[in-house]
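Here the structure is laid out as structure tokens; the discussion comes afterwards.
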RNA sequence: GGAGAGAUGGCCGAGUUGGCUGAAGGCGCUCGCCUGCUAAGUGAGUGUGGGGCGAAAGUUCCACCGAGGGUUCGAAUCCCUCUCUCUCCGCCA
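Numbering (my numbering), first residue to last: 13 to 440.
This is the structure:
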């Protein structure tokens with residue numbers, strides 16, 4: 013969330029931002045609500061001040077054996093009054109917070125104003141798109157023919173939007189996870205994290221999934237636990253309610269987890285294949301840094317994710333999300349989009365964002381500079397590095413051969429016992 | 001799941017007849033002094049959040065001793081609920 017003081021003193025700026033993002037949020041009574049909160053609070057504090065003073069006085073008088081009954085009687089009514097205000101205040105505070113929680117982050121100054129994904133500027137392209145001498149197949153056909161993907165049995169076991177991989181299809185998934193982790197750990201200086209895959213509502217609130225996006229989450233019945241929609245949630249919450257030291261920063265974590273999303277509101281989209289699933293694997297990059305470093309850290313985080321695609325020799329492009337396409341918490345986002353030859357489109361495979369202090373304020377993640385008093389909020393960033401399932405899709409589709417086999421990118425072969433091509437195996 | 005113990009500042013750790021305790025003491029850290037380096041010594045300072053006043057340095061008020069409620073003029077201290085940690089038993093990958 014944004015800083016209350018910032019919103020209070022820059023209300024017009026915030027309203028203009030909402031418009032650029034295409035948000036319909038009414039802030040007209042925010043000011044009066046905030047003033048009401050403050051006036052109640054200061055009245056309460058005056059009463060409490062009086063109570064503290066007189067209580068001390070009573071203590072002193074009792075020591076001297078003086079009669080305190082009239083003061084005690086007076087304080088009884090003051091206490092009652094305090095209690096009344098104390099019951100009134102949380103409601104008003106909640107109202108202010110509720111509004112504050114619904115305001116998205118201020119976009120970075122470099123973010124282009126636009127309405128939708130069509131307005132996202134392309135920053136760069138990498139790799140050459142292969143010229144197919146035959147009609148390339150979609151990955152689900154390739155996978156089923158190779159007997160490594162089985163969607164109908166996945167549906168029997170769990171339902172739609174689940175997948176089952178077998179044989180080399182399962183091994184390839186595991187190889188991709190290890191390959192990506194190794195690159196980020198050994199070449200990019202990230203620390204590996206294996207977090208809980210279920211988290212409580214405090215954590216979901218800390219990273220912004222709650223309260224606004226509850227319907228996107230799977231909840232465990234009878235528990236205050238949710239299945240994580242991304243490793244961002246547990247990993248960012250590692251430092252919730254902590255005060256870090258500036259010489260610890262930047263902190264860079266990489267984490268493999270499965271991700272669970274209800275995909276509410278995406279009926280009819282990507283109904284076939286691995287693109288949109290209730291459960292998928294992802295290697296996530298998460299950073300905590302000083303405010304002045306977050307612009308640079310976003311560039312390097314994006315480059316780290318790109319390197320995976322480069323090593324796998326998969327053609328992609330980088331787009332910068334425009335104001336209308338930008339996520340709720342993000343100040344700036346680069347999407348990595350992979351080329352899919354069958355559909356002849358670029359599809360998102362990674363989303364790298366700088367959240368500035370927006371998540372940190374909500375999750376209360378602060379740091380202290382050496383030789384300075386006071387605390388500041390850290391900046392948080394994260395990005396996929398990468399989505400495993402979609403990478404598998406990209407490999408199957410971009411490396412498919414006329415005979416139905418699929419060449420394995422060289423960088424991955426050490427993780428597959430040297431295997432260089434996937435051919436049909438085993439009966440199903 | 002059963003029985004018991006605990007939760008205090010960056011860390012350790014006092015504080016149970018309720019009342020100058022925002023909290024002793026220690027460690028750590030910062031600044032100064034001293035010692036030709038290092039170590040030791042020595043003096044001072046050192047929580048967070050919010051409100052008011054101030055251009056600022058600052059000043060003042062309120063809150064916070066796991067979380068939430070209660071008793072009381074007054075609670076870190078008493079009562080209730082919850083969460084977490086530890087020990088023992090049971091179960092289990």
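Backbone N, C-alpha and C define an ideal beta-carbon position, used for all residues, glycine too.
For clarity, every value in this text was computed on a predicted model and none was experimentally measured.
{"Query": "Within 7 Å, strictly: CB atoms of residue 402 and residue 361", "Result": "yes"}
{"Query": "Proximity of residue 390 and residue 372 at Cβ, strictly below 7 Å", "Result": "yes"}
{"Query": "Buried/exposed call for residue 399, threshold 16 Cβ in 10 Å", "Result": "buried"}
{"Query": "Spatial distance of residue 108 from residue 48 (CA atoms)", "Result": "10 Å"}
{"Query": "Cα-Cα separation between residue 363 and residue 384, rounded to whole angstroms", "Result": "35 Å"}
{"Query": "Cβ-based neighbour list, residue 376, same chain, cut-off 7 Å, excluding 5 preceding and 5 following", "Result": "252 and 253"}
{"Query": "Nearest residue (CA-CA) to residue 342, options 319, 392 and 327", "Result": "392"}
{"Query": "Identity of the residue in 106, 176, 200 and 173 nearest residue 315 by Cα", "Result": "200"}
{"Query": "Residue 148: CB within 6 Å of a non-hydrogen atom of the ligand NAP", "Result": "Absent from the structure shown: the ligand NAP. Ligands present: none."}
{"Query": "Rounded separation between residue 143 and residue 311 - CA only", "Result": "31 Å"}
{"Query": "Counted within 10 angstroms of its Cβ, other Cβ atoms place residue 327 as buried (16 or more) or exposed", "Result": "buried"}
{"Query": "Span separating the alpha-carbon of residue 347 from that of residue 319", "Result": "14 Å"}
{"Query": "Residue closest to residue 149, alpha-carbon to alpha-carbon, out of 415, 209 and 58", "Result": "415"}
{"Query": "Cut-off 6 Å between Cβ atoms - residues of its own chain near residue 131, not counting five sequence neighbours on either side", "Result": "334"}
{"Query": "Status (buried if at least 16 other CB within 10 Å, exposed otherwise) for residue 17", "Result": "exposed"}
{"Query": "Stretch-stretch touch, CB-based, cutoff 8 Å, three pairs: the region 193-208 with the region 173-181", "Result": "no"}
{"Query": "Alpha-carbon spacing of residue 15 relative to residue 278, whole angstroms", "Result": "32 Å"}
{"Query": "Integer-rounded CB distance, given that residue 239 should sit under 8 Å from residue 210", "Result": "6 Å"}
{"Query": "4-residue-minimum alpha helix (DSSP H) runs that sit fully inside the region 112-159, ordered along the chain", "Result": "151-157"}
{"Query": "Residue nearest to residue 192 in terms of C-alpha spacing, selected from 336, 396 and 97", "Result": "396"}
{"Query": "Neighbourhood of residue 339 by C-beta, 7 Å cutoff - its chain only, sequence neighbours within 5 removed", "Result": "345 and 365"}
{"Query": "At least 3 beta-carbon pairs within less than 8 Å: the region 54-61 vs the region 149-167", "Result": "no"}
{"Query": "Length of the line joining the Cα atoms of residue 388 and residue 233", "Result": "38 Å"}
{"Query": "Same chain, Cβ closer than 8 Å to residue 93, five either side skipped, listed in chain order", "Result": "59"}
{"Query": "Assigned exposure category for residue 284 - 16 Cβ within 10 Å defines buried", "Result": "exposed"}
{"Query": "Neighbour-count burial assignment, residue 337, 16 or more Cβ in a 10 Å radius", "Result": "buried"}
{"Query": "Buried/exposed call for residue 354, threshold 16 Cβ in 10 Å", "Result": "buried"}
{"Query": "Burial state of residue 198 (16 or more Cβ within 10 Å)", "Result": "exposed"}
{"Query": "Rounded straight-line distance, which links the Cα of residue 42 to that of residue 84", "Result": "40 Å"}
{"Query": "Short Cβ contact (7 Å threshold) for residue 394 with residue 266", "Result": "no"}
{"Query": "Contacting residues, own chain, Cβ-Cβ under 7 Å from residue 105 (five flanking each side not counted)", "Result": "49"}
{"Query": "Sequence-distant residues of its chain with Cβ nearer than 8 Å to residue 62 (five each side left out)", "Result": "90"}
{"Query": "C-beta atoms of residue 380 and residue 263 nearer than 7 Å", "Result": "no"}
{"Query": "Selection from 119, 296 and 73 that minimises the alpha carbon distance to residue 194", "Result": "296"}
{"Query": "Inter-residue Cα distance where the pair is residue 216 and residue 146", "Result": "47 Å"}
{"Query": "C-alpha gap between residue 166 and residue 291, whole angstroms", "Result": "11 Å"}
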